[in-house]
Every structure is written in structure tokens, then in C-alpha cells.
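Visitor:
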Amino acid sequence: EYHLLVAGNTLKDEVLRVENMLERMKVPETEGSAEEGEEILKSLEAKIGEECRRYQEALWEEVDPATAEKLRQADADIRHREAMVSKARESIENERETQEQMLREFRA
Numbered sequence: 402e403y404h405l406l407v408a409g410n411t412l413k414d415e416v417l418r419v420e421n422m423l424e425r426m427k428v429p430e431t432e433g434s435a436e437e438g439e440e441i442l443k444s445l446e447a448k449i450g451e452e453c454r455r456y457q458e459a460l461w462e463e464v465d466p467a468t469a470e471k472l473r474q475a476d477a478d479i480r481h482r483e484a485m486v487s488k489a490r491e492s493i494e495n496e497r498e499t500q501e502q503m504l505r506e507f508r509a
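If you use my numbering, the sequence shown corresponds to residues 402 to 509, in order.
(1) Report back the beta-carbon spacing between residue 458 and residue 422 to the nearest angstrom; my notes put them in contact at under 8 angstroms.
(2) In angstroms, rounded to a whole number, what distance separates the CA positions of residue 493 and residue 487?
(3) Kindly indicate which three-state DSSP category residue 444 falls into: helix, strand or coil?
(4) Would you call the CB atoms of residue 476 and residue 455 closer than 8 angstroms?
(5) Taking 8 angstroms as the threshold (C-beta atoms), are residue 461 and residue 472 in contact?
(6) Taking residue 478 as part of the alpha helix (DSSP H), name the residues at either end of that continuous run.
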């Protein structure tokens with residue numbers, strides 16, 4: 402879930418900018434499997450996340466250019482750590498599934 406803080410001299414310009422951004426990220430309607438839908442949703446979420454990060458970085462530059470680079474580095478570090486945690490969770494889940502399968506085979 403993302404929330405956008407809209408700022409600037411004219412609110413109308415910012416709202417139009419966000420609406421244009423959302424229009425560019427539209428996903429065509431398709432009929433397909435749940436897996437395809439999940440893949441499309443993940444792709445859209447990634448695009449929205451990236452656009453939000455760009456917008457946030459533009460705000461950092463506008464508010465305080467001196468600390469914008471530090472904030473960018475901290476944000477990149479957080480994203481990297483989140484990716485590492487996600488990979489670790491995936492690995493743990495795969496290992497758990499493997500162990501459960503081995504246990505089922507042993508009991509059979």
C-alpha cells in the first residue's frame with residue numbers, strides 16, 4: 402500500500418502528474434490463471450513502488466538537497482535488506498517443504 406504526499410505551488414499540477422503516472426502504469430485486462438494475475442499484480446506493485454521512490458527522492462531534493470543523497474543511500478540499504486530477508490524466507494520455506502516431503506515419503 403502506498404500513500405503519496407502531494408506538494409508544490411499548485412496542487413492541480415501535482416494531481417495531474419500523479420494521474421498521468423498511474424495512467425502509464427495501467428495493466429491491460431486479461432483472462433488468465435491466478436498465477437498470471439499474481440504475476441501482473443507483482444509487476445504493477447513494483448512499478449508503483451519505483452514511481453513512489455522517484456517521487457519521494459524528488460521531494461527530498463526539493464526540501465533539503467544536502468541530505469537527499471544520505472536519504473537515498475539509507476533507502477537503498479533498506480531495500481537491499483528487505484530483499485535479503487525475502488530471499489531468506491523463501492529459502493526457509495523451500496527447506497521446510499523439502500523436509501515435509503521427506504517425512505511423508507519416510508512414513509509411506
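Positions of the beta carbon are idealized from the N, C-alpha and C atoms, including for glycine.
Just so we're clear, the structure is a prediction, and the values are computed from it rather than from any experiment.
Guide: By the coordinates alone:
(1) Going by Cβ atoms, the distance from residue 458 to residue 422 rounds to 14 angstroms, so no, they are not a contact pair.
(2) 10 angstroms
(3) helix
(4) no
(5) yes
(6) 466 to 508
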